[in-house]
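*Asks:*
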Amino acid sequence: MNERSRHIIPIIAVITAAMAGLIALQVYLLLGAYEAKEQAFDRNVVNALTAVSQQIEKDEAASKIFSLVTAPNEERRTVKRPSGKLRINTAPAGEGTRREGVTWVVAESSAAGNGTQMRVEVFHSGGIDTLPTMIVRKQAAGKGSRRTNSFSYSYSTDVRRMEVNASVGDSVVTMMLDTTRKRKGEIVAKVVDKLFLLEVMPVEQRLDRHRLDSSIGASLRTIGITTPYLFRVSTGHRDSVKMTNDSTGRWAADSSYYSVRLFPNDVIPGRHDLTVILPDKVSYVLGEMAVLLVLSLVFVVTMIVSMGVTVRTLFQQKRFGEAIVEFINNMTHEFKTPLSTIALASEAIAKPEVMKSRLKLRRYNSLIAEENKRMRHQVDTILQMAVLERGEFELKKEKVDLHALVERAVENIAVQTEHRNGSVRMSLNALRPVVHADPLHLANIIHNLLDNAVKYSPNAPEIEVNTADVPGGVRIRVKDNGIGIAREHLTRVFEKYYRVPTGNTHDVKGFGLGLSYVALIVKAHGGTVAMDSVPGQGTVVDVILPA
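Final position of the sequence shown in the working numbering is 547; the numbers increase by one with none missing.
#1: Does DSSP put P458 in a helix, in a strand, or in coil?
#2: Keeping to the same chain, check which residues put their C-beta closer than 6 Å to that of G127; ignore five residues upstream and five downstream.
#3: Can you list, in chain order, the residues of its chain whose CB lies under 6 Å from that of V540, leaving out five sequence neighbours each side?
#4: Whole angstroms are fine: how far does the CA of K360 sit from the CA of E411?
#5: Which residues in the same chain as T226 place their Cβ atom closer than 6 Å to its Cβ, once the five residues preceding and following it in sequence are excluded?
#6: Return the chain-ordered list of same chain residues with a C-beta closer than 7 Å to the C-beta of E371, the five sequence neighbours on each side being excluded.
#7: Tell me M243's beta-bridge partners as DSSP assigns them.
#8: Going by CA-CA distance only, name the one from A409, F320 and L545 that's closest to R492.
#9: Within the same chain, show all residues whose beta-carbon is closer than 8 Å to that of F315, passing over the 5 residues directly before and after it, in chain order.
#10: Buried or exposed, going by whether 16 or more other CB atoms sit within 10 Å of the CB of T332?
#11: Between which two residues does the alpha helix (DSSP H) holding A525 run?
#12: Consult DSSP for K399 and reduce its assignment to one of helix, strand or coil.
#13: Going by CA-CA distance only, name the one from A519, K281 and V27 that's closest to S256.
#14: Which same chain residues end up closer than 8 Å to K58 when comparing Cβ atoms and leaving out the 5 residues on each side of it in sequence?
#15: Between which two residues does the alpha helix (DSSP H) holding M355 run?
#16: Could you give the distance in angstroms between the alpha-carbon of R499 and the alpha-carbon of I413?
#17: Quick check: what's the CA-CA separation for L29 versus L292?
#18: Which same chain residues end up closer than 8 Å to H403 when comparing Cβ atoms and leaving out the 5 residues on each side of it in sequence?
#19: By the 10 Å Cβ neighbour count, where 16 or more other Cβ atoms means buried, how is K496 classified, buried or exposed?
#20: Can you say whether N481 is buried or exposed, counting buried as having 16 or more other CB atoms within 10 angstroms of its CB?
#21: Our contact map puts V424 next to I463 with C-beta atoms below 8 Å; I'd like the distance itself, whole angstroms only.
#22: Please report how far the alpha carbon of E38 lies from the alpha carbon of H525, in whole angstroms.
#23: From the DSSP output, read off the bridge partner residues of T275.
#24: According to DSSP, S423 sits in a beta bridge with which residue or residues?
#25: Starting from the Cα of V14, find the closest Cα among V311, A530 and K373 and give me that residue.
#26: Report back the beta-carbon spacing between Q26 and V474 to the nearest angstrom; my notes put them in contact at under 8 Å.
#27: Assign T50 to one of three DSSP states: helix, strand, or coil.
#28: How many angstroms separate the CA atom of I12 from the CA atom of V309?
#29: Beta-carbon within less than 8 Å of N448's beta-carbon, same chain only, minus the 5 sequence neighbours each way: which residues are those?
#30: What are the start and end residues of the beta strand (DSSP E) that includes I216?
#31: Taking 7 Å as the cut-off, is the CB of V300 close to at least one heavy atom of the ligand FAD?
#32: Whole angstroms are fine: how far does the CA of A323 sit from the CA of Q317?
#33: Which partner residues does I476 have in the DSSP bridge list?
#34: V282 lies in the beta strand (DSSP E); which residues open and close that run?
#35: Note the first and the last residue of the continuous beta strand (DSSP E) segment covering V435.
#36: Spatial neighbours of L220 within its chain, please: C-beta separation below 6 Å, excluding the five flanking residues on both sides.
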């Protein structure tokens with residue numbers, strides 16, 4: 001492990017630990033938020049079902065009261081004790097008033113529709129003869145009077161009571177009849193009796209399934225819950241189901257339920273439970289958290305992507321630093337030989353015996369010029385790559401015959417291959433070899449590929465160059481029988497300064513700029529470049545240029 005790796009790995013470990021902690025904290029907060037939402041949901045559902053239970057009880061009592069108020073009835077009451085008062089309040093049937101030898105008795109009181117009717121019988125004090133019966137009707141509020149041969153009376157009435165002034169001969173009596181209070185008392189007594197009877201009725205007779213279903217749905221909608229629900233009414237044990245809307249069999253598969261007691265105010269002990277399940281509860285709660293979940297997901301993904309980019313950048317910088325070091329080493333080796341040659345030639349020229357020989361001077365001078373040209377070419381290559389990297393170059397595109405460029409490049413490289421007893425074979429099969437490209441850069445691409453094929457072939461180089469038509473363009477393929485490249489290095493061979501590691505061996509000269517130059521120029525032309533290689537068997541490079 002080198003020095004750079006020893007620094008990078010701890011940094012990555014710290015970043016990873018911090019990222020894991022942030023994600024764990026975010027998950028913890030989300031779980032807490034979900035639990036809070038779920039608890040609020042549960043409370044709201046229980047409150048809604050409690051409201052349904054209370055409303056059912058109120059509706060039952062109101063229904064009985066309404067039926068008793070609106071139903072016609074007739075009641076008689078027995079006189080318990082006579083009254084000697086002149087005014088009679090709530091005079092029940094049979095209770096009378098004695099006045100100057102005449103007894104007035106409210107013999108009967110009844111209700112018919114929305115009116116109250118009283119039959120008043122008038123007796124002489126002796127109780128032998130009975131005068132004609134007087135019928136008094138209480139209807140709408142107001143005043144009225146009536147006269148017959150036997151008696152006459154006048155009355156005034158409001159909502160709660162009626163005052164009657166009746167006379168028979170010289171006898172006059174005033175009665176105050178408060179029928180409302182009497183009526184209310186009777187209704188309350190009857191309602192209590194009816195409610196006691198209801199408590200012993202089966203629960204399925206006290207409830208209407210459709211109305212109960214509607215009430216549950218309406219109550220849930222008031223708290224914003226519109227998801228499907230299932231309900232059942234059970235008595236005693238939950239296995240004793242008396243009413244349900246579950247026809248799918250989903251109840252047994254769902255263990256999450258809400259239960260409230262029905263008719264909790266019954267005097268007679270009994271247990272009736274309304275139980276509801278919401279199969280889509282989880283999706284509903286998650287839907288309520290949709291904004292929070294989306295923001296959290298975006299936050300987590302952003303952190304993960306940022307971490308990935310950071311780690312990738314660190315490794316790229318590490319590889320780039322290693323490539324720079326390798327580049328400097330290669331450049332040192334590339335410059336060391338010509339500089340040494342120039343230094344030796346300069347020393348030789350300074351010797352007196354060399355200065356006397358014009359042939360030797362010319363030879364050493366030519367050697368210095370050649371090595372100087374070689375170094376200048378290397379410097380120009382480095383500067384050119386810097387310009388290409390910054391994108392400060394401009395392609396001078398024109399119509400170029402690709403076959404002509406290939407033939408010229410093969411002719412130039414033939415001297416090197418023949419010197420090593422190798423050969424270059426061409427198969428120019430493209431039917432449309434003319435492309436719109438920069439001829440100078442395109443020639444450099446072909447030359448670099450052929451030069452690499454020669455340099456990395458340790459034995460006699462056997463190189464094949466062919467062209468072919470492909471959809472949308474032309475393909476140039478250069479194949480050699482060289483040392484090949486391991487698969488793990490194929491993805492990096494087009495990076496600037498990168499060279500396949502060879503240890504301390506520097507048999508092949510170069511800066512690692514040739515293939516990166518090829519990739520940049522091909523990309524600038526809108527084309528693609530790819531490489532396939534097998535160690536020990538050679539390499540194939542494909543360049544595709546648009547027509």
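C-beta atoms are modelled at their ideal positions from N, C-alpha and C, and glycine is treated no differently. From a predicted model like this one, the values you see are computed outputs, not experimental measurements.
*Replies:* Quick answer:
#1: To locate residue 458, count along the sequence shown from 1; it is residue 458. Coil at P458, not helix or strand.
#2: For the purposes of this step, residue 127 is taken as the residue at position 127 of the sequence shown. Since pLDDT at G127 reaches only 43, below the 50 mark, its modelled position is unreliable, and the value read off the structure follows with that caveat. Taken in chain order, the list of residues that qualify is empty.
#3: Position 540 of the sequence shown, counted from the first residue, corresponds to residue 540. Hits under 6 Å: K479 and D532.
#4: Residue numbering aside, residue 411 sits at position 411 when the sequence shown is read from its first letter. Residue numbering aside, residue 360 sits at position 360 when the sequence shown is read from its first letter. Near 33 Å, if we compare the C-alpha coordinates of K360 and E411.
#5: Start at 1 with the first residue of the sequence shown, and residue 226 comes out as number 226. None.
#6: Taking the sequence shown and counting its residues from 1, the one referred to as residue 371 is at position 371. The answer, listed in chain order, is P338, T341 and I342.
#7: Taking the first residue of the sequence shown as position 1, residue 243 is located at position 243. Answer by DSSP bridge pairing, in chain order: V233.
#8: Sequence index remark: in the sequence shown, residue 492 carries index 492 (1-based). Checked all of A409, F320 and L545; the closest Cα to R492 is F320.
#9: Taking the sequence shown and counting its residues from 1, the one referred to as residue 315 is at position 315. If we look at F315 and ignore the five residues flanking it on each side, its Cβ neighbours are I8.
#10: Position 332 of the sequence shown, counted from the start, is the residue given in the question as residue 332. When all chains shown are included, T332 counts as exposed.
#11: If you number the sequence shown from 1, residue 525 lands on position 525. According to the sequence as given, residue 525 is His; it is not Ala. Note, H525: premise wrong, no alpha helix (DSSP H); not H, not E.
#12: For the purposes of this step, residue 399 is identified with residue 399 of the sequence shown, where counting begins at 1. K399: strand per DSSP, three-state reduction.
#13: Position 256 of the sequence shown holds residue 256. Nearest of A519, K281 and V27 to S256, Cα basis: K281.
#14: Working through the sequence shown from its first residue, we reach residue 58 at position 58. Hits under 8 Å: none found.
#15: Indexing the sequence shown from 1 puts residue 355 at position 355. It spans P352 to M355 - the alpha helix (DSSP H) in which M355 sits, taken as one unbroken run.
#16: For this step, residue 499 is matched to residue 499 along the sequence shown. For this step, residue 413 is matched to residue 413 along the sequence shown. Rounded to whole angstroms, R499 to I413 spans 22 Å at the Cα level.
#17: On the sequence shown, position 29 is the one that residue 29 refers to. On the sequence shown, position 292 is the one that residue 292 refers to. Going by the C-alpha atoms only, they are around 10 Å apart.
#18: Position 403 of the sequence shown, counted from the start, is the residue given in the question as residue 403. The answer, listed in chain order, is L428, A430, P433 and T467.
#19: The residue given as residue 496 occupies position 496 in the sequence shown. Answer is buried; the Cβ neighbour count reaches 16.
#20: As a position in the sequence shown, residue 481 is number 481, starting the count at 1. It counts as buried.
#21: For this step, residue 424 is matched to residue 424 along the sequence shown. For this step, residue 463 is matched to residue 463 along the sequence shown. Yes, V424 and I463 are in contact; Cβ-Cβ is about 5 Å, under 8 Å.
#22: Position 38 of the sequence shown, counting from 1, holds the residue named residue 38. Position 525 of the sequence shown, counting from 1, holds the residue named residue 525. Looking at the two C-alpha atoms, the distance is approximately 60 Å.
#23: For this step, residue 275 is matched to residue 275 along the sequence shown. Answer is R232 and S259, bridged to T275.
#24: The residue you call residue 423 lines up with position 423 of the sequence shown. According to DSSP, which records beta bridges pairwise, S423 is partnered with E462.
#25: By one-based count along the sequence shown, residue 14 stands at place 14. Closest by alpha carbon: V311.
#26: For the purposes of this step, residue 26 is taken as the residue at position 26 of the sequence shown. For the purposes of this step, residue 474 is taken as the residue at position 474 of the sequence shown. About 53 Å separates the two Cβ atoms, so there is no contact after all.
#27: As a first step, residue 50 is located in the sequence shown; it is residue number 50 there, counting from the start. Helix at T50.
#28: The residue given as residue 12 occupies position 12 in the sequence shown. The residue given as residue 309 occupies position 309 in the sequence shown. Computed Cα separation, rounded: 12 Å.
#29: Here residue 448 refers to the residue found at position 448 when the sequence shown is read from its first residue. So the list reads G514, L515, Y517 and V518, once near-sequence residues are dropped.
#30: Here residue 216 corresponds to residue number 216 of the sequence shown, with the count starting at 1. Here I216 belongs to no beta strand (DSSP E); instead the alpha helix (DSSP H) covers R209 to T222.
#31: As presented, the structure is devoid of all ligands, the ligand FAD included, so that no description of it is given.
#32: One-based indexing of the sequence shown puts residue 317 at position 317. One-based indexing of the sequence shown puts residue 323 at position 323. Approximately 10 Å, taken between the alpha carbons.
#33: The count along the sequence shown starts at 1 and reaches residue 476 at position 476. BP columns for I476 point to T467 and V543.
#34: Taking the first residue of the sequence shown as 1, we reach residue 282 at position 282. No beta strand (DSSP E) holds V282; the alpha helix (DSSP H) holding it covers K281 to E288.
#35: Looking up residue 435 in the sequence shown gives position 435. Where V435 is concerned, the enclosing beta strand (DSSP E) stretches over V434 to A437.
#36: In the sequence shown, residue 220 corresponds to position 220, counting from 1. So the qualifying residues of the chain are A48.
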